[in-house]
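Student: This is the structure, below, for whatever I ask next.
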Amino acid sequence: MQMLFAFVEGLLFQTVLAMCPESDHWGGWWGYDGYSSGPPRWGDNEDWTICKTGKHQSPINIEPQTLLYDPNLQPLKLEAAAISGLFRNNKKDLTFLVNRHGFGVNISSGPLSYRYRLYQIKLHFGRQNQTGSEHTVDGRGFDGELHFMAYNTELYANYTEAQVSPRGIAILAVFLTTGEHDNAAFKTLQERFFIIDKPDSCTDIENFPLADLLPESTDHFITYSGSLTQPGCRETVQWVIINKPIYISQQQLNDLRNIPYQEWMDSNTRPVMPLNNRNVRTNINFRKRSRLCSMDVSKKYQVNAELWRR
């Protein structure tokens, strides 16, 4: 019986691995080590030269004192339904690949002129607290950053076409920070860390509660035009950085950092890139204070009363 159980368990694990999409040739070359394959070298690939020469690259440092208030920016429309797909360790980050044949999660309004469909969710994190976000605020980072990546379904047939095309991609960025309690949605991912403990391993997730991985309100945000933060750094992205973070427990963050083989994706963040005179807009009205406003244009960026005070 024990041998039978071991056989079935091994068969299931092989099935999980077999479901994973194959990595592309260059996918195994680049990384975050800062030397032979780190961000300064991404542009050495002739297909990725924009990583080095582009003028609208991401991420950026958000400077609260230079934000432009745009009263015409409406709240986002986000269908935060349950989703299914593959949760994958792709050596550079942890990625949730949304099942394209399931219920589509559409994102529209806000700074977006078209309707976008959620394609994947990427998780960035660091070895130390406040070093895991790609975007920074006034030079300060968060413990992690979630990227909800969507493609323009009105102009393009799929994500592959959209990511190399104008107005192709929208990315909702949500900062991740530690709180007192476990995050229920993150716990669903946490319970699968042991399954995807090797590079290029993945597992199915069904009926994932997307809404629980988002702040209670996504109405207020910061937005700018930028790029993908991984090769090939295409400048086809409208970034929407939500003004509130989500919280996970310190233990959940520790479990994330302790995934075996996680040195492949340790501190998987690209350094901030020059703004190059781009406008960074917000729909947060600093003159009309409310509990929803967590950013002071001249003094602080805060996600609660204790964070980001100068």
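Read in order, the letters of the sequence shown are residues -18 to -1, 1 to 292 in mature numbering (1 follows the signal peptide of the UniProt record, and there is no 0). All C-beta atoms in this analysis are idealised placements derived from N, C-alpha and C, irrespective of residue type, glycine included.
Please state whether DSSP places Val146 in a helix, a strand or coil.
Tutor: Note: Val146 maps to coil in three-state DSSP.
Student: Am I right that Val262 and Ile224 are in contact with their C-beta atoms under 8 Å? What's the rounded C-beta distance?
Tutor: With 8 Å as the limit, Val262 and Ile224 do not qualify as a contact, their Cβ atoms being about 14 Å apart.
Student: Measure the alpha-carbon distance for Glu188 versus Phe175 and round it to whole angstroms.
Tutor: Going by the C-alpha atoms only, they are around 16 Å apart.
Student: Are the region 191 to 209 and the region 134 to 143 touching by the rule of at least three beta carbon pairs closer than 8 Å?
Tutor: Verdict: no, contact absent.
Student: Determine whether the beta carbon atoms of Pro53 and Phe157 lie at a separation below 8 Å.
Tutor: Not closer than 8 Å, so no.
Student: Identify, in the order they occur along the chain, each residue of the same chain with its Cβ nearer than 8 Å to the Cβ of Phe232, setting aside the five sequence neighbours on each side.
Tutor: It is worth fixing the name first, because residue 232 is Gln in this sequence and not Phe. Within the same chain, Gln232 has close Cβ partners Thr160.
Student: Could you say if the region 28 to 43 and the region 167 to 187 meet the contact criterion of at least three C-beta pairs nearer than 8 Å?
Tutor: Contact fails: fewer than three Cβ-Cβ distances are below 8 Å.
Student: Quick one: is Leu50 buried, meaning 16 or more other Cβ sit within 10 Å of its Cβ, or exposed?
Tutor: With fewer than 16 Cβ atoms within 10 Å of its Cβ, Leu50 is classed as exposed.
Student: Just reading off the beta strand (DSSP E) that Phe190 is part of, what are its end residues?
Tutor: From DSSP, the beta strand (DSSP E) with Phe190 extends over 183 to 191.
Student: Determine the DSSP secondary structure at Leu238, reduced to helix, strand or coil.
Tutor: Leu238: helix per DSSP, three-state reduction.
Student: At what residues does the alpha helix (DSSP H) containing Thr77 begin and finish?
Tutor: Note, Thr77: premise wrong, no alpha helix (DSSP H); beta strand (DSSP E) at 76 to 80.
Student: Out of Gly84, Asn72, Leu154, Arg99, state which residue places its alpha-carbon closest to the alpha-carbon of Ser199.
Tutor: Minimum Cα distance to Ser199 is reached at Leu154.
Student: Are the beta-carbon atoms of Phe85 and Ala62 separated by less than 8 Å?
Tutor: No, Cβ-Cβ distance for Phe85 and Ala62 is not below 8 Å.
Student: Note down the Cα distance separating His7 from Asn27, rounded to an integer number of angstroms.
Tutor: Confidence in His7 is poor, its pLDDT being 47 and thus under 50, which makes the residue's placement unreliable; the coordinate value appears in the next sentence. Answer to the nearest angstrom: the Cα atoms are 12 Å apart.
Student: Around the Cβ of Asp29, are there at least 16 other Cβ atoms within 10 angstroms (buried) or fewer (exposed)?
Tutor: So Asp29 ends up on the exposed side.
Student: Look up Leu128 in the DSSP assignment and say whether it is helix, strand or coil.
Tutor: Looking at Leu128 - three-state DSSP - the assignment turns out to be strand.
Student: Quick one: grab the DSSP three-state call for Arg23.
Tutor: The answer is helix: DSSP assigns Arg23 an H, G or I state.
Student: When the Cα of Ser66 is compared with those of Leu171, Ile32, Ser18, which residue comes out closest?
Tutor: Nearest of Leu171, Ile32, Ser18 to Ser66, Cα basis: Leu171.
Student: CB-CB under 8 Å to Tyr14, same chain, minus the five flanking residues each way: which ones, in chain order?
Tutor: Answer for Tyr14: Gly20, Pro21, Lys74, Met247, Asp248, Ser249, Asn250, Thr251, Arg252, listed in chain order.
Student: In chain order, what residues of the same chain have a beta carbon less than 7 Å from the beta carbon of Ala(-13), not counting five sequence neighbours either side?
Tutor: Residue placement at Ala(-13) cannot be trusted, given a pLDDT of 40 that sits under 50; what the coordinates show is reported in the next sentence. Hits under 7 Å: none found.
Student: Using the Cβ count rule (16 or more neighbours within 10 Å means buried), how would you classify Lys59?
Tutor: Result: exposed.
Student: Phe107 by DSSP, collapsed to three states: which one?
Tutor: In this structure, Phe107 counts as strand in the three-state DSSP scheme.
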